[in-house]
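Residue numbering for the sequence shown follows my numbering, starting at 23 and increasing by one per position.
Where a beta carbon is used, it is the ideal one built from N, C-alpha and C, also for glycine.
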Amino acid sequence: MHAVPITAKKSIADYAEVIGEKHYEELRTLAKAAKGRSMLHVNATAYGGGVAEILQNLVPLLRDAGVDAHWAVLDAPPAFYDITKKIHNALQGMKLDLSEAEKKLFLDVGRENAAQLTDADVVLAHDPQAVALHHFAKDPGRAGWVWRCHIDLTTAHQPVWSFLKPFVQEHDASIWTMPQFVRPDLKQKVLIQAPTIDPFSEKNRDMPIEEAREIVRRFDVDPGRPILLQVSRFDPWKDPLGVIDAYRIVKKEVPGVQLVMIGSLADDDPEGQEYFDRTKKHAGGDKDVFLFTNLDGVKDREVNAFQRASTVVVQKSLREGFGLVVAEGLWKGIPVVAGKVGGIVIQIQDGVSGYLVSSPEECAARCLDLLRDPGLRKHMAAAGREHVRENFLITRDLRDQLGLVATLAKVGQTQ
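Dropping the structure here:
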């Protein structure tokens, strides 16, 4: 396990104008109760994926609130991430089983990393990768422990869940995105907290539209023509092949449309390159289909630009814990067409701020509705931005975390 350097400094006061005086004062009150406590977040990777994105913005805000907050990532061999990707897929419904050797390596990594844990009043372990840390911690009673599940477990493959469940239940509480995700056989304190985006991060901060369009031009995409955009890992659950199928239907009606797909190749996602290659093959050399990754220089600023320059944001997931990119698109005033699954359904008010769909054909039809009607796009954009302001900005996540530190730290100190 090694610490992630946090160099960014953030001030809660900067968010007052965005969230309003009432919510700002609530944060100030919670900060007083949590001040002086310590907190450690542990996850699998410092780059790529929603958890890392949240933590790089949340930890500096916790520090500004007076919490001694830190972030660490696991040290593990590549084989560990092959196993955790298999676990991830099994928890989302694939019938994949773990061998005894795979279970042993998974637990060995947990034991080795637990030996490097630093003292904290509250430890928050993210997702299956970090679930066994509490079990192997030298003195787990000194801290309040929470497991955060960012995955939709409604169709979890039972043998894999049965392997993980004892480790989950050793925690003082678990956090889930939606009540529907919580396993019915789980007996512990459960908290419901949806993920959030930071309006002042590099990916979400305001950017003049001309600047956004200029960045898009550098990648040979024409901002003067309609753009459909999906930003997500190249992963079967994000259905990039289905997105291309939907685009092809749209293109028959709107010949000038372009499709841009952007995904980071993350350290903990060994399938990423393989599925990128499958997606590229499925595109079949179409010059209006653009596939980009962080290796092409498409990072947070560039994603921001593409989202602002797009006509419609697509997120055609088949399974989704939350999907931060949905909130990102809505916050930037772009209507979103997305899969009717997981945490997406609490972000999009169907027919109000975007559309929820269940097939490439539905996705294409709703994209066509939006491409043909600028007034509809504008109306949905306004509704979507306000919904995100009220529910999915990082200040709401900060509020939940401060409450967690103030309460669970006391539990840890009395054990």
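Alpha carbon to alpha carbon, how far is residue j from residue i? Give it in angstroms, no decimals.
i: Q435; j: A55; result: Reliability fails at Q435, whose pLDDT of 46 lies under 50, so the model's placement of it is uncertain and no value is given.
i: H92; j: M402; result: 38 Å
i: N65; j: L96; result: 6 Å
i: K108; j: L392; result: 37 Å
i: Q202; j: E236; result: 42 Å
i: S286; j: L430; result: 34 Å
i: H24; j: P162; result: 19 Å
i: P382; j: V204; result: 29 Å
i: G88; j: I370; result: 34 Å
i: Q329; j: F256; result: 18 Å
i: D104; j: H110; result: 10 Å
i: D419; j: I34; result: 12 Å
i: V131; j: A53; result: 35 Å
i: S196; j: K209; result: 10 Å
i: E134; j: L281; result: 44 Å
i: V433; j: K57; result: Confidence at V433 is low in this model, with a pLDDT of 45, below 50, so the placement of that residue is unreliable and no value is reported for it.
i: V190; j: K260; result: 26 Å
i: A101; j: V410; result: 38 Å
i: H304; j: L250; result: 17 Å
i: A98; j: E124; result: 13 Å
i: S121; j: G351; result: 40 Å
i: W230; j: K354; result: The residue asked about is misnamed: residue 230 is Pro in this sequence, not Trp. Between P230 and K354, the C-alpha separation is close to 11 Å.
i: T67; j: P206; result: 29 Å
i: E43; j: R227; result: 21 Å
i: G397; j: A404; result: 11 Å
i: Q252; j: E412; result: 24 Å
i: Q437; j: K211; result: A caution first: Q437 carries a pLDDT of 37, below 50, which makes its placement in the model unreliable, though a value can still be read off. So the two alpha carbons sit approximately 17 Å from each other.
i: E408; j: G365; result: 18 Å
i: A268; j: P188; result: 42 Å
i: E232; j: K400; result: 18 Å
i: L129; j: T51; result: 40 Å
i: R164; j: L213; result: 21 Å
i: D299; j: D36; result: 42 Å
Have a look at the options and flag the residue whose alpha-carbon is nearest the alpha-carbon of residue i.
i: R270; options: G246, G163, G307; result: G307
i: V334; options: R394, A87, R323, Q295; result: R394
i: L84; options: Q215, Y103, M61; result: M61
i: Y69; options: K32, R59, D36, V26; result: V26
i: D174; options: M200, L120, D90, R164; result: M200
i: K32; options: S223, G425, A268; result: S223
i: D244; options: A268, K309, E408, E293; result: K309
Whose C-beta lies closer than 7 Å to the C-beta of residue i among residues of the same chain, with five residues either side of it excluded?
i: I28; result: V81, P82, W93
i: I41; result: L415, T417
i: R388; result: V359, Y377, V379
i: Q295; result: L287
i: A159; result: A136, L139
i: K274; result: none
i: R239; result: P245
i: E293; result: K107, D257
i: P181; result: D119
Would residue i and residue j qualify as a contact pair, given that the criterion is a beta-carbon distance under 9 Å?
i: A234; j: A331; result: yes
i: W198; j: L113; result: no
i: V153; j: S254; result: no
i: P150; j: L186; result: yes
i: G406; j: I356; result: yes
i: H156; j: H179; result: no
i: K297; j: P258; result: First, the residue type needs correcting, since residue 297 is Tyr and not Lys in the sequence shown. Yes, the pair counts as a contact, with Cβ atoms nearer than the cut-off.
i: L390; j: V311; result: no
i: V427; j: C385; result: no
i: D372; j: Q215; result: no
i: F344; j: H63; result: no
i: L424; j: L49; result: yes
i: R59; j: D86; result: no
So, for residue i: in the same chain, excluding its five sequence neighbours on each side, which residues have a beta-carbon less than 6 Å away from its beta-carbon?
i: H148; result: N65, V73, R170
i: K225; result: D322, V325, N326
i: T177; result: G115
i: A30; result: P82
i: F241; result: none
i: V374; result: A405
Within 9 Å of any Cβ in chain D, is that where the Cβ of residue i sits?
i: T333; result: Note that chain D does not occur in the displayed structure, where there is just one protein chain.
Sorted by chain position, which residues of the same chain lie with C-beta nearer than 8 Å to residue i's C-beta, five sequence neighbours on each side aside?
i: T301; result: F256, P262, L263, I266, M283, L313
i: A38; result: Y46
i: V272; result: L250, V279, A386, C389, L390, L393
Original post:
Can you find at least 3 beta carbon pairs, one from the region 159-175 and one from the region 139-151, that sit closer than 8 Å?
Top reply: yes
**OP:** Kindly confirm or deny that the region 65-79 and the region 216-226 touch, where touching means at least three C-beta pairs closer than 8 Å.
**Re:** yes
Original post:
Does the region 351-362 come close enough to the region 372-379 that 3 or more CB-CB pairs lie under 8 Å?
Top reply: yes
Original post:
Touching or not, the region 313-324 and the region 337-355, by the rule of three or more beta carbon pairs under 8 Å?
Top reply: no
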